[in-house]
Structures are given as C-alpha cells and as structure tokens.
Amino acid sequence: MAFELTGIDDVMQKLGSALSSTGDLTKAGMQEVVSDIWQRAADRAPVKSGALRGSGSLWVEEEGDTISGEVRFNAKYAAAQHEHVEYAHPQGGEAKFLEKAALEKAEQVREQIAASLSDLFGGL
Numbered sequence: 272m273a274f275e276l277t278g279i280d281d282v283m284q285k286l287g288s289a290l291s292s293t294g295d296l297t298k299a300g301m302q303e304v305v306s307d308i309w310q311r312a313a314d315r316a317p318v319k320s321g322a323l324r325g326s327g328s329l330w331v332e333e334e335g336d337t338i339s340g341e342v343r344f345n346a347k348y349a350a351a352q353h354e355h356v357e358y359a360h361p362q363g364g365e366a367k368f369l370e371k372a373a374l375e376k377a378e379q380v381r382e383q384i385a386a387s388l389s390d391l392f393g394g395l
C-alpha cells in the first residue's frame, strides 16, 4: 500500500514562521510560567512568621537557544518544610508546596502547547 503526503510545504512554512517569531515570546512565556509557579508555591508554603513565603525568588535566563527558569525558597528550613510530609502546619500551608505548584503548572503548559499547535496547523 502506498501513501502520499500532501500539503507538507504549507505545514513547513507555517512551522518555520511560528518558530522564527518565538524568541521574545518564549522568554516572556517562561517568565510567566516561572512567576506563576513562584506565586502558587508561596501561597502554599507553610506559615509561621511568613519568612518562608518571603524567601522565595525566581529567575529566567536566556543563553543561546536555551531559556531556563528557576524558583527557589532560601529560608534555612525550606527544604525540611518541603520534604517532611508528616509535619503539621496549623497556621496554613503544606509540604511539597513547590513540587505541587510546578506539577499544576506543567499540566497547564502542556494544554497551552497543544492548543497552540492545533491553532498553528488549523485544528489538526
């Protein structure tokens, strides 16, 4: 059985056009994702004095074709509060606050990418 693929030139042109215009949008998109993860994590971080929530920071860096983003909490006890699921948090917050925020955002990013590709290729 033989198959013939048609319309590939149109697809490649659309893809090339989309990829060539993503430079600034990609960095801005990464900034948006990282900022959202940071805010979600800060909102979920355990509360006693507010220092843990206030110790959060983020950065986005573009180096060549690579765009990286990071969220971190620098309080001395941040890792312990994050990892020990048996700790009680009577004033609010939860363990795994950063991990949960990142996992939530990952699903949203996957959905946005799928929608963008569908739009790019005319609903295919």
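Take 272 as the starting number for the sequence shown in the working numbering and just add one per residue. Ideal placement from N, C-alpha and C gives every residue a C-beta, glycine not left out.
| Item | Value |
| --- | --- |
| Straight-line gap, Y358 to G335 (C-alpha atoms, nearest Å) | 42 angstroms |
| Cut-off 6 angstroms between Cβ atoms - residues of its own chain near M301, not counting five sequence neighbours on either side | V331, I338 and G340 |
| Member of A386, L323, Q379 and I308 whose CA lies at the smallest distance from the CA of V342 | I308 |
| CB contact flag (Q362, K319, <8 angstroms) | yes |
| Expected contact under 8 angstroms - CB spacing of K367 and H353 to nearest Å | 6 angstroms |
| Residue from S306, K298, T297 and R315 with nearest C-alpha to G364 | R315 |
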